[in-house]
Amino acid sequence: MRRVTLTDIFLHPITQKYLKRSGVAHAIATAYHAYRLALQYGVNVDLATKAALLHDIGHYEWYSNGIWDYETYKQNDIHAIKGAERAHKLLIRLGEHPQHAKEIALAILLHTDSYLPEGELKRKPLQTIVKLADEADEEPGGKHHYRQIDDELALKKIQQLDRMVEQQLQRDALDQIS
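Just so we're aligned, residue 2 is where the sequence shown starts under my numbering, counting upward by one.
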């Protein structure tokens, strides 16, 4: 049994504030991609979907004359750092297991290399899943952050993903017993 569900996370006012800034539709799509990739690579679906849902909650708003300035954003981006911090604090407040909150925060921290100095970064499987899930939903010029989704539909999709995660966790538990 999970301590904290995707629905718990999604409905929290902090999550709502920052997902609306970075794109609710993108966050949900990325969480679904993470679920699929986690199954494919044998990664914990609960941690993967939570990290993917929260991966962009550190975005700043880079506007110039009332228009999103994608180039300024790309040059000054540290959203993964801020997002990892916000996610960790939020998850601990909600009652997530501290080790899980840390793993999720680290996956958020390393989901992009846009702010890192050039070089080779070795990611753990969960971190790789979140990076791949984000990339699977990206659109040129950051357009994926602007896709819209109705609030009611967004909640239904999160609840459906919660059920999928719970069923998979139950299957995994049964597999360990066998």
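For each residue, glycine too, the CB sits at the ideal point set by N, CA and C.
Quick caveat, the model's predicted, so the values are computed rather than measured.
Inter-residue spacing [alpha-carbon to alpha-carbon] between residue i and residue j
| i | j | result |
| --- | --- | --- |
| L162 | L7 | 8 Å |
| K144 | D78 | 16 Å |
| E104 | Q76 | 27 Å |
| A106 | Q168 | 24 Å |
| H112 | H13 | 22 Å |
| L55 | I150 | 16 Å |
| K158 | V46 | 16 Å |
| N66 | H146 | 19 Å |
| A26 | V5 | 21 Å |
Neighbourhood of residue i by C-beta, 7 Å cutoff - its chain only, sequence neighbours within 5 removed
| i | result |
| --- | --- |
| A108 | A52, L127, Q128, V131 |
| H101 | L48 |
Pick from the options that is closest to residue i, judged by C-alpha positions
| i | options | result |
| --- | --- | --- |
| E139 | E86, G24, L95 | G24 |
| D57 | D47, V166, A85, L95 | A85 |
| I10 | L95, A26, I178, H112 | L95 |
| P141 | E72, Q160, K18 | E72 |
Same chain only: Cβ atoms within 6 Å of residue i, ignoring 5 sequence neighbours per side
| i | result |
| --- | --- |
| K83 | G59 |
| L20 | A28 |
| L91 | I15 |
Contact check, residue i vs residue j, beta carbons under 8 Å
| i | j | result |
| --- | --- | --- |
| T50 | A30 | no |
| M165 | Y42 | no |
| V34 | Y61 | Reading the sequence as shown, one finds His at residue 34 and not Val. Going by C-beta atoms, H34 is not nearer than 8 Å to Y61. |
| R3 | L175 | no |
| A134 | L40 | no |
Report task. Would you list, in sequence order, the uninterrupted beta strand (DSSP E) runs of no fewer than 3 residues that lie entirely inside the stretch 83-117? Result -> none
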